[in-house]
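Residue numbers (my numbering): 8 to 85. Virtual Cβ for every residue (Gly too), placed ideally from N, Cα, C. Scroll down for the structure; my scribbles are underneath it.
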Amino acid sequence: MVPRRFFCQQYSRRELWRESGRWDDYGPELLRLTDRHQREFCFGPTHEEVITTLARSEIRSYRQLPINLYQIQTNFPR
8 MVPRRFFCQQ YSRRELWRES GRWDDYGPEL LRLTDRHQRE FCFGPTHEEV ITTLARSEIR
68 SYRQLPINLY QIQTNFPR
């Protein structure tokens with residue numbers, strides 16, 4: 008099994024966070040934005056939602072398991 012590294016964007020779509028229930032759970036601490044098309048995003052303090060969506064779209068059979076994904080990057084650059 009070869010680990011696969013990937014990079015996540017700093018922002019995530021609202022739909023991912025709503026599905027996990029954490030859009031509202033984070034409260035005012037979650038930095039939210041709206042683009043010019045009125046789509047909502049947030050700066051992701053974590054990337055579980057993105058990783059789960061990636062796994063859900065890529066893994067189609069138990070034969071593809073186990074899989075090792077990792078992500079190392081700064082979430083909030085200074």
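For Thr41, which residues from the same chain have a beta carbon less than 6 Å from its beta carbon, with the 5 sequence-adjacent residues on both sides left out?
Setting aside the 5 residues that flank it on each side, Thr41 is surrounded in the same chain by Glu47, each with a C-beta closer than 6 Å to its C-beta; the list follows chain order.
Would Ile66 and Ile74 be called neighbours here (beta carbons separated by less than 8 Å)?
Going by C-beta atoms, Ile66 is nearer than 8 Å to Ile74.
Mapping DSSP to helix, strand and coil, what is Thr53?
The three-state reading of DSSP puts Thr53 in coil, since its state is none of H, G, I, E or B.
So Ser19 is in the beta strand (DSSP E); what residue range does that whole segment cover?
First-last of the beta strand (DSSP E) with Ser19: 18-20.
With respect to the alpha helix (DSSP H) encompassing Arg29, which residues constitute its N-terminal and C-terminal limits?
Unbroken alpha helix (DSSP H) run through Arg29: 29-32.
Helix or strand or just coil, what does DSSP make of Arg135?
Nothing about residue 135 can be reported from this structure: the residues present for the chain run from 8 to 85 only.
For Ser27, which residues from the same chain have a beta carbon less than 6 Å from its beta carbon, with the 5 sequence-adjacent residues on both sides left out?
Apart from sequence neighbours up to five positions away, the residues of its chain that approach Ser27 with a beta-carbon distance below 6 Å are Glu56, ordered along the chain.
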